[in-house]
Each structure stands twice: as C-alpha cells, then as structure tokens.
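Residue numbering for the sequence shown follows this note's numbering, beginning at 806 and increasing consecutively. All C-beta atoms in this analysis are idealised placements derived from N, C-alpha and C, irrespective of residue type, glycine included. For clarity, every value in this text was computed on a predicted model and none was experimentally measured. Some notes on the structure that comes next.
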Amino acid sequence: MNQVTTGTTPTAATATVSVVGLGPMGRAMAAAYLDAGYEVTVWNRSPGKDTELVARGARRAGSAADAVAASGLTVLSLIDVDAMYTALGDADLGGRVLANLSSDVPDKARAAARWAQERGASYLTGGVNVPPSGIGREGSSVFISGPEEVYAAHRAALDVLAATDYRGADAGYAQLYYQLNMIMFWTAYTGWYQALAVARANGLTAADIVPYAGYTADTMRGFYEGSAPLIDADAHEGTHQRLTMCAASVEHVLHTAADSGVDTGILTAHADLYRRGVAAGFGADSSSRLIGLLSGAAPAA
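Following this line, the structure appears as structure tokens:
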C-alpha cells in the first residue's frame, strides 16, 4: 500500500486547489488545505457553509465553474457522482484535473471518468476511509484510482487530506476497495446495534459490553489474515472449524435474541445462509464455503 505522511507542504505546482461541495467532509478538506498553506477556492450549492473558511482566507467562487477555473486541481466532495453532473455540467473542464472523493459505486465512477475525459479533463476517483474528523490526520487513508501520471502529479496535494493508497488506472477501483471496506464496516456496526438491543433487553448497558466488543473487533484481524490464503487457494477443509459447528453457534445467537424479545430479522437472514450451506452438503467443510453461496452459485463439493 502506498501509505505516506499527511500534511505535505505545497509546491509551486500544487499550491492552489478548489473544493466543490462543503458538507462536513468538504469543509474538513478545505480546512486541511488552508492549514497546509494552499490557496483554496470553495463553492457549495447552498450558501452559508463557507463562512468560516472564507474568514480563514479561502476564496468564495461565484459558481462551480468559477471554482474549477481557479485551480488546476478541483476536489469534489458531494453526496454522489450524479451531483457532479449537476454542479459542473456547464463548466469548462479543458485541461483541468477533477479528484472526485464522493462515495458511489464503481460503475458510476467509471462513467464519470469517461464524462470528464470527453470534456477534456483528467479524472481521479477517491474513496475516503475516515470521517471528517480524520482528514489531515496521521493514520488516515484514501483509496485513489485513475491515470497513474495524473495521480503522481497531484499526489502531494491529495496526501494533504489523507495518505493515498493508489489502486490502479481503473477509475472504479478506488470505489470498489472503499465499498468492500464499507461492506465489512456496516455489517459489523449493525451487529454492534443488534448486540446492544439484546444487552439492553437483559438489563445491560453499552458500557458493560464495550470491553468485550473491543476484544472481538481486535481478534477479527487474525481471522481475516489466517483465512485469506486458504480462501485464495480454494482450500475449504474443515480442519480448524466446520460449517456445522458455525451454524449451531449462529442458531444459538438467533435464539438468544428471540428469547430476549428483540427483532431477529438480520440474524434470521444470517442463520438462513448457514443452513443453506449445511443443506448443500458442506457441513464438514470450513464456513468459507459460504462464499460460493454468496457469489450466487452453489460451490462445488
């Protein structure tokens, strides 16, 4: 991974930047550039979100097109890729570089790159792995994909926001890696809420289970790292764990929640996946066999 230190000092070629979209993330990005000594131009569709930034020295653009014209590099922080078309539809993009750090799906990122290129712009996609509070801080990272020469030319500016991890020329790959992280994040976070619902039904508080939640989260790295080479080798022998054992544990989780009187919709879906794996004849194999079911086809025995 191409991890570097944030807080890069601007050079003559990258001393100006425009930020389009001033939600919490966009404001944090613009502030980070101001902290790093950049000349920053900002624009937002609705007024008032740039007041503090302008007071700190940012220039308020009259339009998104004006913001793009002000800098060689424009960083976009919008609700999704479609918002870019609305904001920049009338802008002259010739010779400009757009770094779209808005969250969306990989195919939309690829379409956006084609749209920008047809208008004479270079396009980078980004997937930011931290909330606004992490922008400009050590340990933060952002996936970047797009033309390598464009990334190299603007890496210093992007590293101001978070350490960049370049994922290749495919404009969709930064979003793919980002969404893979989000799959793991949101399912785990929803699991946290499910556990809290059961805990509260049994008279416990979030504070009571935080130490144990932290331990569980920490141990997950070992499971990921230990299983990855076996999964890549398509080795699903149930040497250390068997699907039947895992399915039994999932049933215990489901019934604990049901006995506590809380919603079991998520856990029922989870248990159904494990039941299907056992029914497909993979009870003696590793639970990694479930990847085949999740891929949309029954795995080979």
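- Annotation for Gly939: Ser945 place their beta carbon closer than 6 angstroms to its own, counting only its chain and skipping 5 residues before and after.
- Assignment of Thr1073 by DSSP, reduced to helix, strand and coil, places it in the helix class.
- As DSSP reads the structure, Asn905 sits in a beta bridge with Leu881 and Thr930.
- Under the three-state reduction of DSSP output, Thr1044 falls in the coil class, being neither helix nor strand.
- In this structure, the beta-carbon distance from Ala863 to Asp871 does not fall below 9 angstroms.
- With distances taken between CA atoms, Val910 lies nearest to Asp887 out of Asp887, Ala904 and Arg901.
- For Ala1052, the CB contacts under 6 angstroms within the same chain, skipping 5 residues up- and downstream, are Tyr1079 and Val1083 in chain order.
- Boundaries of the alpha helix (DSSP H) around Val1015: Ala1011 to Asp1037.
- When the five nearest sequence neighbours on each side are left out, the beta carbons in the same chain lying within less than 8 angstroms of the beta carbon of Ala1000 are those of Ile1014 and Ala1018, in order along the chain.
- In terms of Cβ geometry, Gly931 and Val947 form a close pair [threshold 9 angstroms].
- Take Ala979, set aside five residues on each side of it, and the residues of its chain with a beta-carbon closer than 6 angstroms to its own are Thr930, Gly931, Gly932, Phe948, Ile949, Ser950 and Arg972, in chain order.
- By the Cβ neighbour-count rule, Asp970 is buried, with 16 or more other Cβ atoms within 10 Å of its own.
- Under the three-state reduction of DSSP, Asp897 is assigned to coil, being neither helix nor strand.
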